[in-house]
Amino acid sequence: MNRELRETVCRTNRALLSSGLVTMHSGNVSGVDRESGTVYIKPSGVDYESLVPEQIVAVDLASGEPREGQLKPSVDLPHHLYLYRHMEDVGAVVHTHSNYATAFAALHRPIPLVLTAIADEFGGEIPCAPYIDNQGDHIGQAIVRWRGRGPSILLGNHGVFAWGETVHAALKAAIMTEDVAKTVHLALQLGQPLPIPPDEAEKWHSRYLTTYGQRDL
Ligand SMILES: [Zn+2]
0 MNRELRETVC RTNRALLSSG LVTMHSGNVS GVDRESGTVY IKPSGVDYES
50 LVPEQIVAVD LASGEPREGQ LKPSVDLPHH LYLYRHMEDV GAVVHTHSNY
100 ATAFAALHRP IPLVLTAIAD EFGGEIPCAP YIDNQGDHIG QAIVRWRGRG
150 PSILLGNHGV FAWGETVHAA LKAAIMTEDV AKTVHLALQL GQPLPIPPDE
200 AEKWHSRYLT TYGQRDL
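Residue numbers for the sequence shown follow numbering that gives the first Met the number 0, so the first one is 0 and each next one is one higher.
Shown next, in the form of structure tokens:
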């Protein structure tokens, strides 16, 4: 058992609530331990406030069967599993119905590339997949089919899926998606936001990926 990942997944599920990305039981975070082939995911229908690491459900990545969890895993488990099986560099997945981003999803509208923050984190617009039902692998397949360069996507009439190499990175992608959705929403109240030309967006994105932060120190 990967105690550290189980605790991180628990803490990050709770962070969804404190970040204002979810209400009640909606949303979920998972992380994968690729070495042991184990996915750690939020249990179904448990309050975030009372969630403790022991309640996080360990699931076998290959079979999708719970390993050692006492509770039922989130009903969104199949989508998380699909992404881990088809996006090899993904270490964590976050799903929310965060308000501003989901408002765009209600209109089947991507979040356009009109902010340098969008260029930084996403390298282009945040795409929106059409409406997809919740059966089998439909949601997972749609995410893989419709995703853009960046680590999140809107699902029409539904919400947000975000991902990253680490649990922290996936949470960040979910928070950034909501943050830029809010700003673009405000801009749309004032008028028509102006696009960033693709070559300009590229400068922001490549700087963000290569020189931003403390990695060279
Ligand atoms: Zn959902």
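Yeah, the Cβ is synthetic: ideal placement off N, Cα and C, and Gly gets one too.
Small disclaimer: the values here were computed from a predicted structure and weren't measured.
Query	Result
When the distance is taken between beta carbons, is G155 closer than 7 Å to Y130?	yes
Indicate the three-state DSSP secondary structure (helix, strand or coil) for P150 in the structure shown.	coil
How is Y207 classed by DSSP in three states: helix, strand or coil?	helix
So, helix, strand or coil for H78, using DSSP?	helix
Helix, strand or coil, according to DSSP, for D46 in the structure here?	coil
Under three-state DSSP, which class holds P52?	helix
Can we say the region 78 to 89 touches the region 43 to 63, given the rule of at least three CB pairs closer than 8 Å?	yes
Quick one: give me the first and last residue of the beta strand (DSSP E) that A161 is part of.	158 to 163
Please state the DSSP three-state secondary structure of N1.	coil
Hey, P111 and V183 are a contact pair by Cβ (cut 8 Å); roughly how many whole angstroms apart?	7 Å
What do you reckon, are the CB atoms on V113 and P196 nearer than 7 Å?	no
Just to confirm, is the Cβ distance from T101 to G26 under 7 Å?	no
Go to N98, then tell me how far its alpha helix (DSSP H) extends in each direction, as first and last residue.	98 to 105
Reducing DSSP to helix, strand and coil, say where N12 ends up.	helix
By Cβ distance, which residues of its chain are closer than 8 Å to H107, with the 5 residues on each side in sequence left out?	C127, P129, Y130, G155, N156
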